[in-house]
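For the sequence shown, position 90 matches number 120 in my numbering, and the numbering has no gaps at all.
Glycine included, every Cβ here is placed at the ideal spot set by N, Cα and C.
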Amino acid sequence: MNRKALIVGASGGIGSALYLQLRDTHRVFAISGQTQEFPDWFVSDYSENSLKEIAREIDCRFDLVFICNGFLHNESHAPEKRLSRIEPDAMHTSYERNVVIPAMVLRYFYNHFYRERPTVCALLSARVGSIGDNRTGGWYSYRCAKATLNMLVKTSATELERTYKHLTLVALHPGTTQSALSAPFLRQGSHRWVSADETAQNLERVATALDPTDTGRFYDWRGEPVEW
Numbered sequence: 031m032n033r034k035a036l037i038v039g040a041s042g043g044i045g046s047a048l049y050l051q052l053r054d055t056h057r058v059f060a061i062s063g064q065t066q067e068f069p070d071w072f073v074s075d076y077s078e079n080s081l082k083e084i085a086r087e088i089d090c091r092f093d094l095v096f097i098c099n100g101f102l103h104n105e106s107h108a109p110e111k112r113l114s115r116i117e118p119d120a121m122h123t124s125y126e127r128n129v130v131i132p133a134m135v136l137r138y139f140y141n142h143f144y145r146e147r148p149t150v151c152a153l154l155s156a157r158v159g160s161i162g163d164n165r166t167g168g169w170y171s172y173r174c175a176k177a178t179l180n181m182l183v184k185t186s187a188t189e190l191e192r193t194y195k196h197l198t199l200v201a202l203h204p205g206t207t208q209s210a211l212s213a214p215f216l217r218q219g220s221h222r223w224v225s226a227d228e229t230a231q232n233l234e235r236v237a238t239a240l241d242p243t244d245t246g247r248f249y250d251w252r253g254e255p256v257e258w
């Protein structure tokens with residue numbers, strides 16, 4: 031296939047759905063923390079050295095890139111509803127997974143973007159990372175990390191548009207998706223939620239409809255702008 035895609039975080043709920051969906055139309059490269067018997071599947075611990083080596087090993091450019099890494103909770107850490115619940119370890123983990131890893135992916139893979147034809151690179155953010163849209167508070171580490179991710183998108187898009195004039199680099203809010211990340215919260219909230227397969231369809235539709243005039247912006251799963 032002439033078109034090539036990269037999915038980073040390809041074992042997560044949304045990442046795996048995107049991987050399976052895009053295989054029909056693209057040669058798909060995947061980076062994951064889990065082993066799979068698929069072609070062009072690279073296992074990584076997401077350290078800087080690992081991402082650097084994988085970037086060296088992959089010798090192509092991509093039409094479409096989705097960076098899907100994210101962290102909300104685990105057995106030790108839950109979203110903090112109050113200031114008194116903030117813990118340094120949880121905040122460090124959230125920044126590492128939601129900001130540092132995507133930043134390292136951009137650092138070592140931006141030279142895999144096309145210069146003379148379009149590349150779309152979408153980083154999965156979250157509406158709760160919007161400062162302007164924050165009307166309920168809570169979820170301190172996750173909100174702060176996603177807000178920082180949004181600044182990463184804006185800043186890197188501003189730099190790269192000078193030399194990658196056909197690049198569209200954006201943050202995307204995927205909507206509430208049924209996954210391991212969201213499972214404990216689906217019954218508590220009133221937001222509509224959808225399957226990972228439907229989310230993947232929405233994200234591909236939105237991403238492929240964008241163009242370089244949209245670079246450095248933040249959109250939701252419907253293609254509507256989200257305020258920073």
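Item                                                                                                                                                            : Value
Leaving out the 5 sequence neighbours to the left and right, which residues in its chain are closer than 7 Å to Arg147 when beta-carbon positions are compared? : His196
Strictly by DSSP, which residues pair up with Leu202?                                                                                                           : Leu154 and Tyr249
Just to confirm the assignment, what range does the alpha helix (DSSP H) spanning Ile44 have?                                                                   : Gly43 to Leu52
Rounded to a whole number of angstroms, what is the C-alpha to C-alpha distance between Tyr194 and Phe143?                                                      : 8 Å
Under DSSP, the beta strand (DSSP E) around Phe139 begins and ends at which residues?                                                                           : Element bounds for Phe139: not the beta strand (DSSP E) but the alpha helix (DSSP H), Ile131 to Phe139.
Buried or exposed, going by whether 16 or more other CB atoms sit within 10 Å of the CB of Leu113?                                                              : exposed
Report the residue from Lys82, Lys184, Leu233 and Met181 whose alpha carbon sits nearest the alpha carbon of Tyr138.                                            : Lys82
Using CA atoms only, rank isn't needed, just tell me which of Asn32, Leu48 and Arg33 is closest to Gly39.                                                       : Leu48
Just checking, does the segment 174–187 make contact with the segment 145–165 on the three C-beta pairs under 8 Å criterion?                                    : yes
Taking the Cβ atom as the reference point for each residue, do Val224 and Thr238 lie within a distance shorter than 9 Å?                                        : no
Nearest to Trp71 by CA position, among Asn79, Ile61 and Ser77, is which residue?                                                                                : Ile61
Using the beta-carbon count (16 or more within 10 Å), is Glu189 buried or exposed?                                                                              : exposed
Taking its Cβ as the centre, do 16 or more other Cβ atoms sit within 10 Å of Asn32, making it buried, or is it exposed?                                         : exposed
Identify whether Lys284 lies in helix, strand or coil by the three-state DSSP scheme.                                                                           : A query on residue 284 cannot be resolved here, the shown segment of the chain reaching from 31 to 258 and no further.
Is the segment 96–105 touching the segment 118–128 in the sense that three or more CB pairs, one from each, lie closer than 8 Å?                                : yes
State the start and end residues of the unbroken beta strand (DSSP E) segment that holds Ile84.                                                                 : Per DSSP, Ile84 belongs to no beta strand (DSSP E); it is in the alpha helix (DSSP H), Glu78 to Glu87.
When we look at the beta-carbon of Lys111 and count the other beta-carbons within 10 Å, is it buried (16 or more) or exposed?                                   : exposed
Buried or exposed: which applies to Ser77, given that a residue is buried once 16 or more other Cβ atoms fall within 10 Å of its Cβ?                            : exposed
Should Leu153 and Leu94 be called a contact, given that it needs their Cβ atoms to be closer than 9 Å?                                                          : no
Let's test the definition: count the other Cβ atoms within 10 Å of the Cβ of Glu22 and tell me whether it reaches 16, buried, or not, exposed.                  : Limits of the chain in this structure are 31 at one end and 258 at the other, which puts residue 22 out of reach.
From Thr245 to Val256, what distance separates their C-alpha atoms?                                                                                             : 14 Å
Helix, strand or coil: which one does DSSP assign to Leu94?                                                                                                     : strand
With DSSP run on the structure shown, which of helix, strand or coil describes Val183?                                                                          : helix
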